[in-house]
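Data block below; observations after.
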Amino acid sequence: MKKIPYLRWWIAVALFLAAVLNYIDRSVLGMLAPTIQKDLDISDQGYATVVNWFLVAYTFAYLFSGRLVDKLGERVSLALFVGWWSISNALTGFAQSVTSLSIFRCMLGLGEAGGFTASPKAVSEWFPPAERGMAIGLYSLGGAAGATIAPILVAVVATHFGWRWVFAVTPLLALPWIVLWLWLYRRPAEHPRITEEEKALITSTISPDPKPAANAPKSSIWGEVLREPFVWRLMLARMLTDPVWYFIQFWFAKYLHDVRGLDQKGVAILWVVFLAADAGFLLGGFFSGRLIRRNVAAPASRVWLMLVSACLMPLIFLIPQVSSLGLVLTIAAVAAYAHTSWLSNLTSLAVDISSKRFLATAFGVIACGSTLGGIMMNQVVAWLVGHRSYNDCFYIMAFLHPLAFLLVFQLRKRLPA
243 MKKIPYLRWW IAVALFLAAV LNYIDRSVLG MLAPTIQKDL DISDQGYATV VNWFLVAYTF
303 AYLFSGRLVD KLGERVSLAL FVGWWSISNA LTGFAQSVTS LSIFRCMLGL GEAGGFTASP
363 KAVSEWFPPA ERGMAIGLYS LGGAAGATIA PILVAVVATH FGWRWVFAVT PLLALPWIVL
423 WLWLYRRPAE HPRITEEEKA LITSTISPDP KPAANAPKSS IWGEVLREPF VWRLMLARML
483 TDPVWYFIQF WFAKYLHDVR GLDQKGVAIL WVVFLAADAG FLLGGFFSGR LIRRNVAAPA
543 SRVWLMLVSA CLMPLIFLIP QVSSLGLVLT IAAVAAYAHT SWLSNLTSLA VDISSKRFLA
603 TAFGVIACGS TLGGIMMNQV VAWLVGHRSY NDCFYIMAFL HPLAFLLVFQ LRKRLPA
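Printed below as a string of C-alpha cells:
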C-alpha cells in the first residue's frame, strides 16, 4: 500500500476543513440576524434566546461529546458530529418563528461541540509537542476561515436567493468531507499509509500514558478529570475570555448595523476582522513552537504567548471612542488576533498537560466554560443594548483576558503529560 508522506499534516488539513464547515454553519446566523429578525418579527431579546439555546446545547454536548470521543475514537465520532450538525443547519432554513429557529440551533449546538473535543485528541495522537501549537492553530484557523467566508457567502447567496438558501450551502459539502475523513484517519500505530520515518518521529516524542498499577484503586474517568485543578483553571479562563469571541461572531455585525449604519451588504467587511483572527490562530501556535525549540517547556511557552494576548485585549476599550469605521475595524481585528492566539495556546496547553486517556473528556469540561460564558454574555449584551448601549460591552471585554491570565499563570510550571 502506498505511503503518504507527512500524513499528520494531511490529517490536520482535514480537521481544518471540518472547522471551516463548523464555523460557516455557526456564523451565518449572526450575519443574517437583521434580515431574519425583520422577516420573522424577532426582537433583540428573542435573538438572544435563539443564540442561548444554541449555547445551552453546546454546553451539554461538550460534556458528553468528549466522553463519546474517548469511547468511540476520533475517526467515528467526528464523522457522526459533522453529519449531525450539517443536517441541523439545513433545517434552520425552514424556521418560521423564534421557537423553530431555537430548536434547529439547539440541534446544531448538540453536534458542533464534538468537532472541538475530537480535534485536540487527534492532535495529541499525531503531533509532537513542538508541532501541536501549529496543528491546533491550523484547525482553529479553519474556524476563523469559516467565519471569514460567512459574510461573503451571506452577501452573495442571500442577496440573490434569499436568506433561507444560505443554510443549504455547507450541508452539500459535508458528505464528501465525511468520506474523506473515514478513508484518511486512523491512529498512528494502526495506519497502513504512515511512513516509517513519521511513525518513528511520533513514537519517539509522544509517550503513551502509563498503565495504572495492578493494585491501584479504580476510579472513573469523570472522577479523574474533575479532580484535576488545571481543568477548573482552564475552564474558568475560557468562561471569562470566550465571550469576546462570541460577541464578535453573534453581535458585532449587529453593532455595525445598529450603531455604525452598515447595511446587509456592508457587514461583509467583517472578513477583515476574521482574517486577523486567522493570523492569530496560526501565529500563536508558531511562536509557542519556536519557544519550545529553544528549550522552553511546552506549558511555559503557551502561557507566555497568552500574556502577549492579555496585554493587547484592553485596546478594545477604544472602539466606542473612535468615529472612523476603519479604525473601529482595525481595533476589532487586533482584538480578534489577540483572542485567537490566546485560544490556540490555551488549547495547546490543555493538550500538553492532560493525560491522553481522558483528554477529550477533560477538554469537554474545559470547553463548557466557553459556552457558559457565552450564555451569560448574551444575556448581559441583550440587557445592555436594550437599556444602555453597546459601549459598556466593549468596556467590560477590555479587562477579561488580563483577569483570566491570573488563573493560567501558575500552569507554566506544570509538567507535560
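Counting in the numbering used here, the sequence shown runs from 243 upward without gaps.
Note that CB positions come from ideal geometry on N, CA and C, so glycine has one too.
Cα atoms of Trp546 and Gly616: separation of roughly 25 Å, rounded to the nearest angstrom.
For the 7 Å CB-CB criterion, Gly308 and Leu478 do not form a contact. In the three-state reduction of the DSSP assignment, Asn587 falls in the helix class.
For Ile573, the closest C-alpha among the options Met639, Ile378, Gly375, Arg535 is that of Met639. Relative to the Cα of Ala299, the nearest Cα in the group Leu257, Cys348, Leu554 belongs to Cys348.
Around the beta carbon of Arg535, a 10 Å sphere encloses fewer than 16 other beta carbons of the protein chains shown; the residue is thus reported as exposed. For Ala290, the CB contacts under 6 Å within the same chain, skipping 5 residues up- and downstream, are Asn620, Ala624 in chain order. Going by C-alpha positions, Thr359 is about 36 Å away from Gly568. When rounded, the separation of the alpha-carbon atoms in Ile253 and Ala552 is 31 Å. In the three-state DSSP reduction, Val538 falls in the coil class, being neither helix nor strand.
For Ala332, the CB contacts under 7 Å within the same chain, skipping 5 residues up- and downstream, are Phe409, Ala410, Pro413 in chain order. Unbroken alpha helix (DSSP H) runs of no fewer than 4 residues, entirely contained in the region 483-507, are found at 494-500, following chain order.
The Cβ atoms of Leu649 and Arg475 sit closer than 7 Å to each other. If the five residues before and after Phe323 are omitted, its C-beta is found closer than 6 Å to the C-beta atoms of Gly353, Gly356, Gly357, all from its own chain and listed in chain order. By the neighbour-count criterion, in which a residue is buried when 16 or more other Cβ atoms sit within 10 angstroms of its Cβ, Thr445 is exposed.
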